[in-house]
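Once you know that position 223 of the sequence shown is 223 in UniProt numbering, the rest is easy, because the numbers rise by one and skip nothing. We put the beta carbon where it would ideally sit given N, CA and C, even for glycine. Remember, it's a predicted structure, so these values are computed and weren't measured experimentally. To start, the structure itself, in structure tokens.
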Amino acid sequence: MAELVIFNGIAAVIQDAIVALIPLSLFFILFQVTYLKLPLGHVINLFKGILFTLIGMILFLQGVHIAFIPAGNAIGSFFSMNGKAWILIPFGFFLGMLATYAEPAVRILSDQVEHSSSGFIKGTLILYTLSIGVGGAVALGMARIVIGFSFLPLIIVGYIIAIILLWLSDRDFVAIAFDSGGVATGPMAVTFLMALAVGVAAGIEGRDPVIDGFGLIALIALAPILSILILGIYFRIKKVKSS
Numbered sequence: 001m002a003e004l005v006i007f008n009g010i011a012a013v014i015q016d017a018i019v020a021l022i023p024l025s026l027f028f029i030l031f032q033v034t035y036l037k038l039p040l041g042h043v044i045n046l047f048k049g050i051l052f053t054l055i056g057m058i059l060f061l062q063g064v065h066i067a068f069i070p071a072g073n074a075i076g077s078f079f080s081m082n083g084k085a086w087i088l089i090p091f092g093f094f095l096g097m098l099a100t101y102a103e104p105a106v107r108i109l110s111d112q113v114e115h116s117s118s119g120f121i122k123g124t125l126i127l128y129t130l131s132i133g134v135g136g137a138v139a140l141g142m143a144r145i146v147i148g149f150s151f152l153p154l155i156i157v158g159y160i161i162a163i164i165l166l167w168l169s170d171r172d173f174v175a176i177a178f179d180s181g182g183v184a185t186g187p188m189a190v191t192f193l194m195a196l197a198v199g200v201a202a203g204i205e206g207r208d209p210v211i212d213g214f215g216l217i218a219l220i221a222l223a224p225i226l227s228i229l230i231l232g233i234y235f236r237i238k239k240v241k242s243s
């Protein structure tokens, strides 16, 4: 019966996916009837897309519940309970990079930036910058849990630095930076890295999983803003030198 474990809780996942897509579908139907009047072929293709989206959401969310979250908790608990919690600092950097590199929303943003800038800003440059930035944030988050320093000063200082960088960075990168903060905190980061942080906090004596385990996603959201704004400073200097 071990193979049936993959279906544990799938009924609730199917229900959540359907409930999430129903409002969007109803919204489209309303506009189709009242304003859009698209040809039947377009409507059929749209509902095919919704069906594929539903299937994809179910498969992904089920995978999250039976694999990503348990694996994150298990890895975090293993290192912390065996007195090797410090390994999670470089390990967190590596996982943060991988999770961001594999994040679909980050790749879409990178492609859109390259397309909108007519190739002036390479999508791969955005992708690597975000991956390194998030990797650093995850490493910092792991260090915060392992060493035990406070979250509040980190986030306050981080956003103060971001505000200062706003005035120094090329203006083309300002909006990209804040969008990247949202796309980097996608399902890959939230499901796996947050579970990892909670597992680490639960396994270290004197740490509270609620107080110390959470906050990592806030750092992950901040890191792309800082890294893209720094990249914007580089492009601003490059423009000045070339003019």
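- Counting only runs of 4 or more residues that sit fully inside the segment 93–140, the alpha helix (DSSP H) segments are 104–116, in chain order.
- Just so you know, the alpha carbons of glycine 182 and proline 104 end up roughly 12 Å apart.
- Within the same chain, Met57 come within 8 Å of alanine 20 by CB-CB distance, once the 5 residues on both sides are set aside.
- Look at isoleucine 204 here: in three-state DSSP terms it is coil, with no helix or strand label.
- In this structure, glycine 135 sits near phenylalanine 94, with a CB-CB distance shorter than 8 Å.
- From the listed residues Leu88, Met81, Phe192 and Gly203, the smallest Cα separation to phenylalanine 60 is found for Phe192.
- Pairing leucine 222 with alanine 137 gives a Cβ-Cβ distance under 8 Å.
- If you draw a 10 Å sphere on the C-beta of proline 224, you find 16 or more other C-beta atoms in it, and that means buried.
- Taking all protein chains in view, the Cβ of phenylalanine 31 is surrounded by fewer than 16 other Cβ atoms within 10 Å, so the residue is classified as exposed.
- In the three-state reduction of the DSSP assignment, proline 39 falls in the coil class, being assigned neither a helical nor a strand state.
- When secondary structure is reduced to three states using DSSP, serine 242 falls in the helix class.
- Remark: C-beta atoms of isoleucine 217 and threonine 185 approach each other more closely than 8 Å.
- Non-local beta-carbon contacts of phenylalanine 235 in its own chain, meaning distances under 6 Å to residues more than five positions away in sequence, involve Asp170 in chain order.
- A straight line joining the alpha-carbon of leucine 54 with that of alanine 17 spans about 6 Å.
- Counting only runs of at least 4 residues, the segment 135–205 fully encloses the following alpha helix (DSSP H) elements, listed from N- to C-terminal order: 152–168, 174–184 and 194–203.
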